[in-house]
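In this note's numbering, the protein residues as written are 25 to 241. Positions of the beta carbon are idealized from the N, C-alpha and C atoms, including for glycine.
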Amino acid sequence: MNRWISLLLVLLVAAVVAACAGLPRASTPESPPERPAGAALVRPPTPLPRIEATPMPAAELSTLGTAEQLRLVEIPRRDPRRLTERLNPELGTVPVTAEPKTYAVGDRERFWVHNADSKSNIEIEADLVYQTEVANVWVQRDQPHDLGRIQRSIDRFSDVTYPRLVETFGSEWSPGVDGDLRLNILHTTEMGNNIAGYFYSADAYSTVVNPFSNEKE
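Here it is in structure tokens:
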């Protein structure tokens, strides 16, 4: 009996050994290549998702309150030159700049001045009496003026005031509609009794856009 049990055990061990011998050997994973010392890991760039604006139907937009509409709607910038072209197609393309000019002390130019009392535009002549790297100073023809005070005032404006304004608020459009880097300051008595001075943004456009433009910054 013991003989048969021993024989059975021998056959069982032999079968197990044969089965193990037929199994494929597990492969050993290769070690990743060593990164040089100090080399940074570079992650491939991931493209950012693009967000496309979806226009809201006018019918849906009209159901919202005014404040909500203004928050959602991108209001186009007002461009007088483009408006002139659209409203007056017979004019064709309106020039951005006028014919470039170079001014020198002693020059005489015609200017439009708005009178606040009469609410009208008056055309005058003025002489260029002083000039710095920043400004041209014009005085209405035949008007008495103190040239020394004008020079001191404009020198301070050019050296102190203007640089600080540009540093704080940025520069004006330059060289501007007239192709001149300088600002233009006009001394006149035709503005009205209660007006010390004013800035007229239409002067930065062609006379095709505004017939009362002086085409000067």
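Selection from the options that minimises the alpha carbon distance to residue i
i: A140; options: T108, T213, E98 and D227; result: T213
i: L210; options: Y224, Q93 and E123; result: Y224
i: S237; options: F135, H169, I219 and N160; result: F135
i: D131; options: A82, H169 and N160; result: N160
i: I158; options: H169, F193, Y186 and R110; result: One point to set straight first is that residue 158 is Val, not Ile, in the sequence displayed. Out of H169, F193, Y186 and R110, Y186 has the C-alpha closest to the C-alpha of V158.
i: H169; options: A150, T156 and D179; result: A150
i: G216; options: S142, G194, R176 and F193; result: S142
i: T156; options: T117, R180, I146 and S144; result: R180
Residue i versus residue j: straight-line alpha-carbon distance, rounded
i: A128; j: V97; result: 48 Å
i: G203; j: E123; result: 8 Å
i: Y222; j: A91; result: 33 Å
i: P235; j: A220; result: 24 Å
i: A226; j: P81; result: 36 Å
i: G172; j: V153; result: 11 Å
i: D166; j: V137; result: 16 Å
i: V184; j: N208; result: 17 Å
Per-residue burial, residue i [other beta carbons within 10 Å of its own, 16 or more giving buried]
i: G200; result: buried
i: R206; result: buried
i: I99; result: exposed
i: E84; result: exposed
Beta-carbon proximity of residue i to residue j, cut-off 9 Å
i: E196; j: E239; result: no
i: L115; j: V232; result: yes
i: Y229; j: P104; result: yes
i: I178; j: Q164; result: no
In DSSP terms, what residue i is bridged to
i: H169; result: H169 pairs with nothing; no bridge assigned.
i: E147; result: W136
i: N112; result: N112 is not bridged to any residue.
i: W197; result: The partner list for W197 (beta bridge, DSSP) is empty, contrary to what the question assumes.
i: V163; result: D151 and H211
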